[in-house]
Amino acid sequence: MIFETYEGYRASGFQPKAIIVGSGPAGITIARKLARAGIPVAIFEAGSADYTDESQDFYKGTTVGDPYFDLDVTRLRYLGGCSNHWAGWCRVMDAVDFEPKAWVPNSGWPIRRADIEPYLDEIHDILDLEPFRNDVAISDDIRWVQLIKSPAVRFGEKYRDEIDASPAIALVLNTYVTDLQGDGSKVTGARIWSAGKDQGIATADFYVPCTGGLENSRLLLWSNVQSNGGVVPHAAALGRYWMEHPQFEGGNVIMRNPDQFEMDAVSEAFFSPSREAMEREQIMNFGIRFIQMPYHGAKWLLAELACVAPETAEWVSEGLGARLRCAAQLYVGWEQAPRADNFVALSATERDELGIPRIELHWKKSEQEHRTLLQGLRLFGKTLAEKDYGRLRIADWVSNGDPYPTDQELAGHHHMGGTRMGDDPTTSIVDRDCRVHGMRNLYVGGSSVFATSGQCNPTTTIVALAARLGDHLAARIGQSAMLDKG
Ligand SMILES: Cc1cc2nc3c(=O)[nH]c(=O)nc-3n(C[C@H](O)[C@H](O)[C@H](O)COP(=O)(O)OP(=O)(O)OC[C@H]3O[C@@H](n4cnc5c(N)ncnc54)[C@H](O)[C@@H]3O)c2cc1C
44 MIFETYEGYR
54 ASGFQPKAII
64 VGSGPAGITI
74 ARKLARAGIP
84 VAIFEAGSAD
94 YTDESQDFYK
104 GTTVGDPYFD
114 LDVTRLRYLG
124 GCSNHWAGWC
134 RVMDAVDFEP
144 KAWVPNSGWP
154 IRRADIEPYL
164 DEIHDILDLE
174 PFRNDVAISD
184 DIRWVQLIKS
194 PAVRFGEKYR
204 DEIDASPAIA
214 LVLNTYVTDL
224 QGDGSKVTGA
234 RIWSAGKDQG
244 IATADFYVPC
254 TGGLENSRLL
264 LWSNVQSNGG
274 VVPHAAALGR
284 YWMEHPQFEG
294 GNVIMRNPDQ
304 FEMDAVSEAF
314 FSPSREAMER
324 EQIMNFGIRF
334 IQMPYHGAKW
344 LLAELACVAP
354 ETAEWVSEGL
364 GARLRCAAQL
374 YVGWEQAPRA
384 DNFVALSATE
394 RDELGIPRIE
404 LHWKKSEQEH
414 RTLLQGLRLF
424 GKTLAEKDYG
434 RLRIADWVSN
444 GDPYPTDQEL
454 AGHHHMGGTR
464 MGDDPTTSIV
474 DRDCRVHGMR
484 NLYVGGSSVF
494 ATSGQCNPTT
504 TIVALAARLG
514 DHLAARIGQS
524 AMLDKG
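The numbering used here applies: residue 44 is where the sequence shown begins, and numbers increase by one.
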């Protein structure tokens, strides 16, 4: 069922067992799982079915530190959330991303990749994905990995009819959950703003904020202010360990054989380091995006190389002849170490229309990250040269350690951390089941629970974790129903 207003929903008398806040990929995946188990669930979505400037305004905020996107540009506040403009790149985080690494502070999850692997078949259905192929080691240091360019499912469009037809899901649009209320051991209700007024408190047995990788922190920080710490009783890490995937053009390559690697549908291939290389170089995970250049770009690159690297230019002209099309630009995106001093805070000065503090995001790249970028490109260049696949030119600003360019992509629009998963309540917010430490009935969905970021785009992993959380909640709700009957 879909309700355009909260008042319509309230009049329906629908009694949810769980309230999900937000209708992006995480919220819709969890709701569908519960509905399939016959459990009534409400999704409260702040926006309407389509984009509006009024709703988007609530996402404004400020950033302190490195240059970043405007916070109302890097996300979308309406049905389907950011899936309305995601690019559809898919890959599940690597096994190594879940493991603790002695050389990366605060690394490691309390779960392993094997814990989400049972959900891979479901993910393929949800995201309309082909099966992934295994990584291929092209040297001891470098893996040829796969990112699938999927049809970029818009969750609102794909699941709207199914939700509308479902008697177990009430999707309530134009319904802003301003804060959760709690007594330090459980959430007691969600305060609702809709149709220009305070609508009071909505209740259910369980609550699951799925408001995105920035907004989950904001909602819980503000809820804690309102309830005097009663929603996140162990809040030392709340908003902290926030991460992105910085992304920049890092260099160019001339290949001997354009068919050396199978390119995907958009003439791209991806490369990442082996675990051994990461450990030896004390760097983090990275992804090199190899984009084939059109002929004129290849000619330009050869001319450049002839000036600055005559030996390489000679190798190129000997080996290539007329096959100048096999040149590539390299974009590098990399893992950020989870650091407490990258964090989401409530602004002391900026408030939204309802007087709720906007986000102040504190975000900086670290020295270890520059090393990851530089060493990553060097390792890739070494592999290409040793195998005689090609020659790589690292961009001057990377080699020289100059400041990051400000006229490039900057990052991936991937908002991770803030309510990270862990066993220790002093450095994490949710446990291995995505339940907030110390709270009986509060769970979190989405990439805010990521303990590390890995190098790949987050949504495939978000959906896998959401499917897992859906199963967990269905089992818990089922158990409490049995106990009630017994
Ligand atoms: C330009 C761009 C390109 C991207 N490309 C890729 C890609 O190629 N691959 C990839 O894996 N990822 C990509 N992403 C990231 C991807 O879109 C997100 O990871 C994903 O959408 C997150 O899903 P979510 O459900 O956690 O949150 P969101 O999609 O952000 O959904 C959150 C929902 O909560 C609602 N909401 C917020 N606050 C409240 C509130 N207080 N009350 C009620 N409702 C609320 C919002 O309106 C929204 O519908 C991209 C993102 C952007 C911006």
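Here a beta-carbon is modelled for each residue, glycine too, at the ideal position from N, C-alpha and C.
Alpha carbon of residue i to alpha carbon of residue j, nearest angstrom
i	j	result
V147	T503	24 Å
K407	T246	39 Å
N295	E452	17 Å
R511	K103	31 Å
E292	A383	28 Å
L281	W265	11 Å
Q522	I82	12 Å
I181	V188	10 Å
T95	R120	8 Å
Y202	T426	45 Å
G13	A370	Nothing can be reported for residue 13, as the shown portion of the chain is limited to 44 through 529.
A80	K60	12 Å
G199	S126	8 Å
M337	Q372	In the sequence as presented, Met is not what sits at residue 337; that position holds Pro. The alpha-carbon atoms of P337 and Q372 are separated by roughly 10 Å.
E50	I235	11 Å
R176	I334	20 Å
D113	E258	14 Å
Heavy atom of ligand 2 within 7 Å of residue i beta-carbon
i	result
A54	As presented, the structure is devoid of ligand 2, carrying ligand 1 as its sole ligands.
Supposed close pair residue i, residue j - CB separation, criterion 8 Å
i	j	result
K229	A517	About 19 Å separates the two Cβ atoms, so there is no contact after all.
R332	E311	6 Å
A494	G151	7 Å
L223	Y250	6 Å
G489	T72	In fact, because the Cβ distance is near 10 Å, the residues do not count as touching under 8 Å.
G67	I86	Wrong, their Cβ atoms sit about 10 Å apart, outside the cutoff.
H405	N385	6 Å
R299	G433	6 Å
L416	V441	6 Å
I191	R475	Going by Cβ atoms, the distance from I191 to R475 rounds to 27 Å, so no, they are not a contact pair.
Spatially closest choice to residue i from the options, by CA coordinates
i	options	result
S491	R483, N484, Y284, P289	Y284
H456	G489, F493, S442, G256	G256
I169	G131, D140, Q411, N149	G131
G135	T470, A524, C499	A small correction: the amino acid at residue 135 is Val; Gly does not occupy that position in the sequence shown. Of T470, A524, C499, the residue nearest in Cα terms is C499.
G239	D248, G232, A233, T221	T221
S471	E47, N300, N149	N149
A233	R53, T415, I62, S442	I62
L254	M459, Y202, M286, I185	With the sequence shown as reference, residue 254 is identified as Thr, and Leu is not the correct amino acid for it. Considering only alpha carbons, the answer is M459.
N328	D140, S260, F198	D140
Y219	G419, D395, G424	D395
A380	Y111, Y49, P143	P143
A509	L420, E50, G65	G65
F46	G481, D439, D204	D204
A213	A80, G465, Y52, L427	Y52
E378	D466, P289, Y447	P289
D115	T449, G123, F101, S237	F101
I520	D137, A78, Q335, G424	A78
V387	I402, L373, V375	I402
G123	A195, E429, W236, S237	A195
D450	M44, T48, Y111	Y111
R323	A145, E160, R436, G497	A145
S237	R197, A279, A89, R156	A89
Q418	G227, R197, M321	M321
E305	I399, V179, L389, D241	V179
Per-residue burial, residue i [other beta carbons within 10 Å of its own, 16 or more giving buried]
i	result
L485	buried
R463	buried
N267	buried
G108	exposed
P316	buried
D207	exposed
L420	buried
L397	exposed
D431	exposed
E393	exposed
E165	buried
E287	buried
P174	exposed
G56	exposed
A391	exposed
A74	buried
D184	buried
I244	exposed
Neighbour flag for residue i against chain B, beta carbons, 8 Å
i	result
K430	Any reference to chain B falls outside this structure, which holds one protein chain only.
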